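Heads up: the structure comes next, in structure tokens.
Protein chains: 2
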Amino acid sequence: MQPLTLVPLPDIPLIRQGDNLADIVVNALKANKLEIKDNDILVLTSKIVSKAEGRIVNLETISPSLRANELAEQTEKDPRLVELILRESRELLRFRPGAIIVRHNLGFVCANAGIDHSNVMGQEPDKDPGGGVKSQSSNLEQNNWVLLLPEDPDKSATEIRLEIEQKIDRKIGVMIIDSHGRPWRLGTVGTCVGLSGIPAIIDERGWKDLFGNTLQVTVVGVADELAAAGSLVMGQAAEATPVVLVRGFPYPLANATMKDLLRPPEQDLFQ
Amino acid sequence: MQPLTLVPLPDIPLIRQGDNLADIVVNALKANKLEIKDNDILVLTSKIVSKAEGRIVNLETISPSLRANELAEQTEKDPRLVELILRESRELLRFRPGAIIVRHNLGFVCANAGIDHSNVMGQEPDKDPGGGVKSQSSNLEQNNWVLLLPEDPDKSATEIRLEIEQKIDRKIGVMIIDSHGRPWRLGTVGTCVGLSGIPAIIDERGWKDLFGNTLQVTVVGVADELAAAGSLVMGQAAEATPVVLVRGFPYPLANATMKDLLRPPEQDLFQ
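Protein chains in written order, with my numbering: chain A, 52 to 322; chain B, 52 to 322.
Shown next, in the form of structure tokens:
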């Protein structure tokens, strides 16, 4: 009867390119007297990973292709943003005004290739080092910076995990999440885009139920369930709590890849 | 920095038609010296609600229609089960061997109309009252009992909530969850099929991000995020922990309906 506990880490500063997330997380844990134990999991929003890895792009530097211009007109989006969406994707699945659904280069289906316009700010050298808001950049029309997903979130998660494990001498899991929409339901939910040291799915086929019947179709997306839980604790509007410490994940740590969560295209009934 | 905590309730007995779930949950809380506080949420698997409401069906009583027989052949499923799936659905969306994707009468899209074959047992009067397993019924081939989703899960959640609130004099939320598959990702995730006293979505459009930019598209499916978290704690194979006590849900209790989570068909790009 172990409870699952998710603690949002306070005191994570605004992240900028080149920042060492392992250091920052360990420092935040210490500052809050939070001990990390074996089998704990750290859930990070993809935004801070992208920022640390410099995946920020100024739309002013992007020249949209003919195809991007066409699609931008059909979707009422900035052609430069559409150009980035297409570059980040291996397949365009659906579009309508306001939304472009793609299969991302990383393999999953999502809206707008996971490119994020919120909580992004340029890295001007004169920016207030305390992370303060410069009033002249504070509205969306003037903000041309967008954030791409990390290039290889599994690799990012592994690097962060190994570095933290070395610093604190504990075996942990690390997950990177993003907020994804769903085709038939409203509202985004936290979804795993990268992980390290955590099982992605638990395949219970062949297990027995309470009555000794053999379960037939139960493959559980435990990583996505944890991603949703982590997202709930982080909130969305302000990324003041971009890291969540999880204790009591009910499955043993294990090696997996985010790709274990992707349905093979030949099983896809909704391409 | 409030943590989110999910505690699986032990000592929930096997549920049978007519059982009072409010009584059972309150007793389990007492037996485990778990205090329930204002703003706590109880997450229940739909299975126990269906059982208490007698939504159990013996396939031997079902005569499949011509259409059910046809679809059963195409999907390699029991025609009587297919008949029930069709009766429980307002629209057939896709099928392949092993899977029938429908829009359920309740409005959401799911596989097999949420009809469950696991952890279901007949209600023979001579059944071991302790809930033990009679060996002659313990394998799937002999088990013709299936479980339909509750007829009106929002109503069920409301009834359970009001009854528990009256017993313990606290304001709480109640959610009923089921495990749903996803079109492009492997593994089921816990999904809200009914709720009472809990917000379904949080609409953050118009809120400001950290830099004062206005958020444009952030509607968060907080009820589904909580459902996923609850499901993670319950596990799947044995429903020994069909109820989870949640503390620290980061939004105020509110009135909502599961239908708030459903994307209107005119916005559906993947019908």
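Don't be surprised by glycine CBs; every beta carbon is placed ideally from N, CA and C. These numbers were taken from a predicted model, which means no experiment stands behind them.
As assigned by DSSP and simplified to three states, the class of residue i
i         : result
Gly281(B) : helix
Ser116(A) : coil
Ile92(A)  : strand
Ile249(B) : coil
Thr269(B) : coil
Asp254(A) : strand
Asp167(B) : strand
Gln68(A)  : coil
Asp62(A)  : coil
Glu121(A) : helix
Glu276(B) : helix
Ser186(A) : Unreliable placement is indicated for Ser186(A), whose pLDDT of 36 sits below 50; no coordinate value is reported for it.
DSSP beta-bridge partners of residue i
i         : result
Gly241(A) : Ser230(A)
Ile152(B) : Arg145(B), Ala162(B)
Arg236(A) : Leu313(B)
Val77(A)  : Note: Val77(A) sits in no beta bridge, so no partner.
CA-to-CA distance, residue j to residue i, given in whole angstroms
i         : j         : result
Cys243(B) : Asp229(B) : 7 Å
Val160(A) : Leu143(A) : 10 Å
Ser114(B) : Val153(B) : 20 Å
Val58(B)  : Arg314(B) : 31 Å
Ala119(A) : Val133(A) : 5 Å
Gln322(A) : Ser140(A) : 15 Å
Thr35(B)  : Leu135(B) : Since the displayed chain B opens at 52 and closes at 322, residue 35(B) lies outside it and no answer follows.
Pro293(A) : Leu60(A)  : 8 Å
Thr269(A) : Leu237(B) : 10 Å
Gln53(B)  : Asp62(A)  : 14 Å
His168(B) : Glu317(A) : 26 Å
Leu110(A) : Arg131(A) : 6 Å
Leu296(A) : Gly105(A) : 24 Å
Glu216(B) : Ile66(B)  : 21 Å
Arg212(B) : Thr96(B)  : 14 Å
Glu127(A) : Gly165(B) : 38 Å
Ser325(A) : Ala279(A) : Not covered by the structure: residue 325(A). The range shown for chain A is 52 to 322.
Asp203(B) : Leu277(A) : 28 Å
Gly241(B) : Ile219(A) : 33 Å
Gly149(A) : Leu72(B)  : 44 Å
Leu69(B)  : Ile223(B) : A small correction: the amino acid at residue 69(B) is Gly; Leu does not occupy that position in the sequence shown. Looking at the two C-alpha atoms, the distance is approximately 23 Å.
His155(A) : Arg138(A) : 9 Å
Leu157(B) : Lys98(B)  : 16 Å
Asn195(B) : Lys102(B) : 15 Å
Leu283(B) : Asp129(A) : 39 Å
Glu86(B)  : Ser207(B) : 23 Å
Leu199(A) : Ile107(A) : 6 Å
Tyr302(A) : Pro250(A) : 8 Å
Arg147(A) : Gln125(A) : 7 Å
Leu312(B) : Ile253(B) : 10 Å
Extent of the continuous beta strand (DSSP E) to which residue i belongs
i         : result
Leu296(B) : 294–298
Asn109(A) : 107–109
Leu198(A) : 196–198
Leu57(B)  : 55–59
Residue i, enclosing alpha helix (DSSP H) - first and last residue
i         : result
Ile215(A) : 204–219
Leu137(B) : 130–138
Leu304(B) : Leu304(B) -> no alpha helix (DSSP H), and no H or E assigned at all.
Asp319(B) : Unbroken run through Asp319(B): none, as it is neither H nor E.
Lys222(B) : First-last for Lys222(B): undefined, no H or E at that position.
Ile99(A)  : 97–103
Proximal chain C residues relative to residue i, where beta-carbon distance stays under 8 Å
i         : result
Thr239(B) : The displayed structure is made up of protein chains A and B, and chain C is not among them.
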